[in-house]
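Novice:
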């Protein structure tokens, strides 16, 4: 890590701890839990900023008794209604003029906090702080956008922000914690494949159509290269980042056992339909990218 990144992390960490002084004790516990799971100071600082906006709104709307933010108890959160959260979302969109993506980020932060408080926290009796999770009833609504357009936009945004490793770590280790049981089943079913697709997409510059056409013989793991056919049938070799290589190798280790393609099916990325392996289509890969990005 270069000096500028180290300094940025140090600045974010200092701001994080300064802001935690104004937060309830359970927010500090939540942050400590996230730190153990490799969340960056920047991510955690944004969480705390989001919580402050939420707490200030609860106080200003008199949904909870007026008090310093530090004194907001988890029982205050336990008694919130679904309508309260929906009104908060309306406040963000209509009064704060936030885009859906910004609203979704704040709601995702609250979902993560409430999941910790209702499922992962522990008081001195070994019980969670409370069990009623109002955020589990809240859906996140994504903007309507073509799959290909969104995939291209998000790759540009993430890859050039130089935060691709942090984002990939979120998908690998944090994303599943915010999913319902139904969503979690499908996420875990194809997790290795989807992480490899996402990692290659972000870390090599390979196109969606090239991912769909990628065959086993096109991959040179030793040289960290992928052979692709560009527009105009021009042959090219794409270098794979070490992170993408590692994720691709993990997928290839389980590919044959999980998807049972047989010797004749050489496409790298597969799906399974009615117990039969099939090449993953361009649209299916676009959907993988959109769901994660």
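Numbering (this note's numbering), first residue to last: 37 to 329.
Just so you know, even glycine gets a beta-carbon here, dropped at the ideal spot from N, CA and C.
Keep in mind it's a predicted model, so treat the numbers as computed, not measured.
Which residues in the same chain have their Cβ closer than 6 Å to the Cβ of residue 147, if we skip the five residues on either side of it in sequence?
Specialist: Taking the chain shown and counting its residues from 1, the one referred to as residue 147 is at position 111. If we look at residue 147 and ignore the five residues flanking it on each side, its Cβ neighbours are 171 and 214.
Novice: Determine, using beta carbons only, whether residue 260 and residue 276 come nearer to each other than 9 Å.
Specialist: Residue numbering aside, residue 260 sits at position 224 when the chain shown is read from its first letter. Residue numbering aside, residue 276 sits at position 240 when the chain shown is read from its first letter. Yes, the Cβ-Cβ distance between residue 260 and residue 276 is below 9 Å.
Novice: Rounded to the nearest angstrom, what separates residue 113 and residue 57 at their Cα positions?
Specialist: What you label residue 113 is simply residue 77 of the chain shown in a count that begins at 1. What you label residue 57 is simply residue 21 of the chain shown in a count that begins at 1. Each residue's alpha carbon lies about 19 Å from the other.
Novice: Taking its Cβ as the centre, do 16 or more other Cβ atoms sit within 10 Å of residue 152, making it buried, or is it exposed?
Specialist: In the chain shown, the residue the question calls residue 152 occupies position 116. Buried.
Novice: Would residue 229 and residue 301 qualify as a contact pair, given that the criterion is a beta-carbon distance under 9 Å?
Specialist: Taking the first residue of the chain shown as 1, we reach residue 229 at position 193. Taking the first residue of the chain shown as 1, we reach residue 301 at position 265. Contact: no.
Novice: Ordered along the chain, which non-local residues of its own chain (more than five positions away) have a Cβ less than 6 Å from that of residue 66?
Specialist: Your numbering for residue 66 matches position 30 in the chain shown. Answer for residue 66: 149 and 152, listed in chain order.
Novice: By Cβ distance, which residues of its chain are closer than 7 Å to residue 208, with the 5 residues on each side in sequence left out?
Specialist: Position 172 of the chain shown, counted from the first residue, corresponds to residue 208. Taken in chain order, the residues that qualify are 231.
Novice: Check whether the Cβ atoms of residue 142 and residue 156 lie closer than 9 Å to each other.
Specialist: As a first step, residue 142 is located in the chain shown; it is residue number 106 there, counting from the start. As a first step, residue 156 is located in the chain shown; it is residue number 120 there, counting from the start. No, the pair does not count as a contact, with Cβ atoms beyond the cut-off.
Novice: Looking only at DSSP bridge pairs, what is residue 313 linked to?
Specialist: The residue labelled residue 313 in the question sits at position 277 within the chain shown. The partner list for residue 313 (beta bridge, DSSP) reads 308.
Novice: Are the beta-carbon atoms of residue 283 and residue 204 separated by less than 9 Å?
Specialist: Along the chain shown, one-based indexing puts residue 283 at 247. Along the chain shown, one-based indexing puts residue 204 at 168. Yes, the pair counts as a contact, with Cβ atoms nearer than the cut-off.
Novice: On the DSSP bridge list, what partners appear for residue 266?
Specialist: Taking the first residue of the chain shown as 1, we reach residue 266 at position 230. Bridge partners of residue 266: 270.
Novice: With DSSP run on the structure shown, which of helix, strand or coil describes residue 238?
Specialist: Translated into positions along the chain shown, residue 238 becomes position 202. Residue state, collapsed to three classes: helix.
Novice: What number of angstroms, rounded off, separates the C-alpha of residue 314 from the C-alpha of residue 239?
Specialist: Taking the chain shown and counting its residues from 1, one reaches residue 314 at position 278. Taking the chain shown and counting its residues from 1, one reaches residue 239 at position 203. If you take the alpha carbons of residue 314 and residue 239, they lie about 25 Å apart.
Novice: Could you have a look at residue 141 and say whether DSSP puts it in helix, strand or coil?
Specialist: Reading the chain shown from its first residue, position 105 is the one you call residue 141. The answer is helix: DSSP assigns residue 141 an H, G or I state.
Novice: Going by Cα to Cα distance, which pick from 226, 250, 326 and 131 is closest to residue 290?
Specialist: For the purposes of this step, residue 290 is taken as residue 254 along the chain shown, with counting starting at 1. Closest option to residue 290, Cα to Cα, is 226.
Novice: Look at residue 247 and residue 321 and say whether their C-beta atoms are less than 9 Å apart.
Specialist: For the purposes of this step, residue 247 is taken as the residue at position 211 of the chain shown. For the purposes of this step, residue 321 is taken as the residue at position 285 of the chain shown. In contact: residue 247 and residue 321 (Cβ atoms closer than 9 Å).
Novice: Could you spell out the range, first to last residue, of the alpha helix (DSSP H) harbouring residue 110?
Specialist: Sequence index remark: in the chain shown, residue 110 carries index 74 (1-based). First-last of the alpha helix (DSSP H) with residue 110: 110 to 114.
Novice: Starting from residue 126, follow the alpha helix (DSSP H) in both directions and report where the run begins and ends.
Specialist: Along the chain shown, read from residue 1 onward, the residue named residue 126 stands at position 90. Start and end: 118 to 126.
Novice: Give me whichever residues DSSP pairs with residue 251 in a beta bridge.
Specialist: Within the chain shown, the letter at position 215 stands for residue 251. Answer by DSSP bridge pairing, in chain order: 303.
Novice: What is the rounded straight-line gap between the Cα of residue 39 and the Cα of residue 77?
Specialist: Position 3 of the chain shown holds residue 39. Position 41 of the chain shown holds residue 77. The predicted position of residue 39 is uncertain, since its pLDDT is 47 and thus under 50; no value can be drawn from it.
Novice: Thinking C-alpha only, which one of 311, 318 and 310 is nearest residue 303?
Specialist: Working through the chain shown from its first residue, we reach residue 303 at position 267. The shortest C-alpha separation from residue 303 is found at 318.
Novice: Assign residue 47 to one of two classes, buried (16 or more other C-beta atoms within 10 Å of its C-beta) or exposed (fewer than that).
Specialist: Taking the first residue of the chain shown as 1, we reach residue 47 at position 11. Under this definition residue 47 is an exposed residue.
Novice: Classify residue 102 as buried or exposed, calling it buried when 16 or more other Cβ atoms lie within 10 Å of its own Cβ.
Specialist: Numbered from its first residue, the chain shown carries residue 102 at position 66. By the 10 Å Cβ count, residue 102 comes out exposed.
Novice: What's the C-alpha gap between residue 53 and residue 294?
Specialist: Sequence index remark: in the chain shown, residue 53 carries index 17 (1-based). Sequence index remark: in the chain shown, residue 294 carries index 258 (1-based). Roughly 45 Å between the two C-alpha positions.
Novice: If I'm right that residue 212 touches residue 223 with Cβ under 8 Å, what's the distance once you round it to whole angstroms?
Specialist: Walking along the chain shown from the start, residue 212 turns up at place 176. Walking along the chain shown from the start, residue 223 turns up at place 187. About 6 Å separates the two Cβ atoms, so the contact holds.
Novice: Just mark residue 330 as buried or exposed, buried being the case when its beta carbon has 16 or more other beta carbons within 10 Å.
Specialist: This structure gives no information on residue 330, because the portion of the chain shown stretches from 37 to 329.
Novice: Report yes or no: is there a C-beta of chain D within less than 9 Å of the C-beta of residue 215?
Specialist: In the structure shown, chain D cannot be found, because there is only a single protein chain.
Novice: Tell me whether the beta-carbon of residue 242 lies closer than 9 Å to the beta-carbon of residue 274.
Specialist: Along the chain shown, read from residue 1 onward, the residue named residue 242 stands at position 206. Along the chain shown, read from residue 1 onward, the residue named residue 274 stands at position 238. Their beta carbons are under 9 Å apart, which means residue 242 touches residue 274 by this criterion.
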